[in-house]
Amino acid sequence: MGKPMADYVKLPELEEYKEWFKDFADLYREDGILQVTWKTLDGPMHHSGMSHRAISQLVRVLSLDYKNEIIIFTHIGDHWMTESDPNGWETYSELPTQRFQHQYFDDTNLIKNMVFDLDVPTIGAIPGSGFHWDSAMLSDITICSEDTWMEVPHAHGGLVPGDGMGLMAQHYFGTKRGNYYMMTARQWTAQQMLDWGMVSEVLPKDQVMARAWEIARMWKTMPYENRTIMSNLAKRPLKKLLVEDLKLHTVSEQYGSLLRIAAGDMGDRNAAQQDEKYISQTNDWRYTFPHMQQAPTRESWAAFRTEPIEWFKKVEAGEAVNPCDPTRPVKPYRPDGE
Numbered sequence: 004m005g006k007p008m009a010d011y012v013k014l015p016e017l018e019e020y021k022e023w024f025k026d027f028a029d030l031y032r033e034d035g036i037l038q039v040t041w042k043t044l045d046g047p048m049h050h051s052g053m054s055h056r057a058i059s060q061l062v063r064v065l066s067l068d069y070k071n072e073i074i075i076f077t078h079i080g081d082h083w084m085t086e087s088d089p090n091g092w093e094t095y096s097e098l099p100t101q102r103f104q105h106q107y108f109d110d111t112n113l114i115k116n117m118v119f120d121l122d123v124p125t126i127g128a129i130p131g132s133g134f135h136w137d138s139a140m141l142s143d144i145t146i147c148s149e150d151t152w153m154e155v156p157h158a159h160g161g162l163v164p165g166d167g168m169g170l171m172a173q174h175y176f177g178t179k180r181g182n183y184y185m186m187t188a189r190q191w192t193a194q195q196m197l198d199w200g201m202v203s204e205v206l207p208k209d210q211v212m213a214r215a216w217e218i219a220r221m222w223k224t225m226p227y228e229n230r231t232i233m234s235n236l237a238k239r240p241l242k243k244l245l246v247e248d249l250k251l252h253t254v255s256e257q258y259g260s261l262l263r264i265a266a267g268d269m270g271d272r273n274a275a276q277q278d279e280k281y282i283s284q285t286n287d288w289r290y291t292f293p294h295m296q297q298a299p300t301r302e303s304w305a306a307f308r309t310e311p312i313e314w315f316k317k318v319e320a321g322e323a324v325n326p327c328d329p330t331r332p333v334k335p336y337r338p339d340g341e
């Protein structure tokens, strides 16, 4: 047998790209099972233009490494993402090129790469409440803790809910129920997610990651080729959905944002895309108190804009406790207590 004229292109190994993305994800692989733990530096992931881009970039890189046979997506600590980087969107506001790249490419790739780039079985493992749950809900199966609650928050801030979360609410919940939760920002619970088809299992908080690894190890007993083909079948409904509607949703949100820029009220607390300095306070409040699980009204929407600020003042004064405190030390999960 003769020698080929050119060899296979050498792509980066785990140890190399692990270093590339160390500020945004902890990567741990065992027996072909890769655990991706979202984070920012050594704490919870902070929503930013940089994390938006890093998520889609990492997913694409993972797809090129055939040693990643099964992938678990989770978040560091006891919650999904709750925080925002107050300085993480400055390039996002630069017109036209930077904003175009962030919104036209990054916002879409964040969603589509999870389904179109990854050809292997995926598990979303949600440790608790949070927003931007895209990577978890786009996985082949999704499990969550019993204390998880989530929402599509955009409308409450005056923003068009077009980043993919509203689309997934319509897909998993059905059109009318999905529209209701997308258009009111009302929160839903773990049990509702299970009943309505958004998650596959609901578990006690301390069992989510162990269960994710148990499922992954179960799949490892299947032939590699067959479990990979099985995953392609699992992804097909979402592929069809995203081909038909994703770009329309993302561009609609972008158009709404540009209208607010033109109107001059971007960043106003009562207008679209509120200043990111307020987002973390609002998120921590809404994942601490279940008020947004009630049927919303004009009055409750107004209160949701002011109550988090007053609560956060008490937190800073030591008069209240923030269970989402991003300064608490957290570590990525390791199977078998490693």
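Mapping of the sequence shown onto the working numbering: residues 4 to 341, in sequence order.
In this text, a Cβ means the ideal position worked out from N, Cα and C, and glycines have one as well.
Source: prediction; values computed, not measured.
Query                                                                                                                                                                                       : Result
Please report how far the alpha carbon of Ala275 lies from the alpha carbon of Ser132, in whole angstroms.                                                                                  : Note that Ala275 has pLDDT 38, beneath the 50 cutoff, so the model's placement of it is unreliable and no number is given.
Hey, would you say Ser66 sits closer than 8 Å to Asp137, going by beta carbons?                                                                                                             : no
In chain order, which beta strand (DSSP E) runs of at least 3 residues are fully inside the region 56 to 107?                                                                               : 73 to 78
Write down the C-beta distance between His55 and Met84 rounded to the nearest angstrom, noting that I regard them as a contact closer than 8 Å.                                             : Actually they are not in contact, since the Cβ atoms of His55 and Met84 sit about 11 Å apart, beyond 8 Å.
Taking the Cβ atom as the reference point for each residue, do Arg189 and Ala298 lie within a distance shorter than 8 Å?                                                                    : yes
Identify, in the order they occur along the chain, each residue of the same chain with its Cβ nearer than 6 Å to the Cβ of His105, setting aside the five sequence neighbours on each side. : Gly52, Tyr95
Using DSSP's beta-bridge definition, name the partner residues of Ile129.                                                                                                                   : Cys147
Around the Cβ of Tyr258, are there at least 16 other Cβ atoms within 10 angstroms (buried) or fewer (exposed)?                                                                              : exposed
Is there contact between the region 198 to 207 and the region 219 to 228, where contact requires at least three CB pairs shorter than 8 Å?                                                  : no
Can you tell which of Met48, Phe103, Gly80, Phe76 has its C-alpha closest to the C-alpha of Gly91?                                                                                          : Met48
Taking 8 Å as the limit between beta carbons, can you name the residues of its chain near Phe76, skipping five residues before and five after?                                              : Val39, Trp41, Thr125, Ile126, Gly127, Ala128, Ser138, Ala139, Ser142
Under 8 Å between the Cβ atoms of Thr253 and Asp166?                                                                                                                                        : yes
Would you mind listing the alpha helix (DSSP H) stretches within the region 159 to 201 that are 4+ residues and don't spill past its ends, in chain order?                                  : 168 to 176, 178 to 187, 193 to 199
So for Thr40, helix, strand or coil by DSSP?                                                                                                                                                : strand
Taking the alpha helix (DSSP H) that Leu249 falls in, what are its first and last residues?                                                                                                 : 227 to 266
Per DSSP, what kind of secondary structure is His135 in: helix, strand or coil?                                                                                                             : coil
Could you tell me if Ile410 is buried or exposed, where buried requires 16 or more neighbouring beta carbons within 10 angstroms of its beta carbon?                                        : The requested residue 410 does not occur in the structure, where the chain is confined to residues 4 to 341.
Tell me where the beta strand (DSSP E) around Tyr336 begins and ends.                                                                                                                       : Careful: Tyr336 lies outside any beta strand (DSSP E) and carries neither H nor E.
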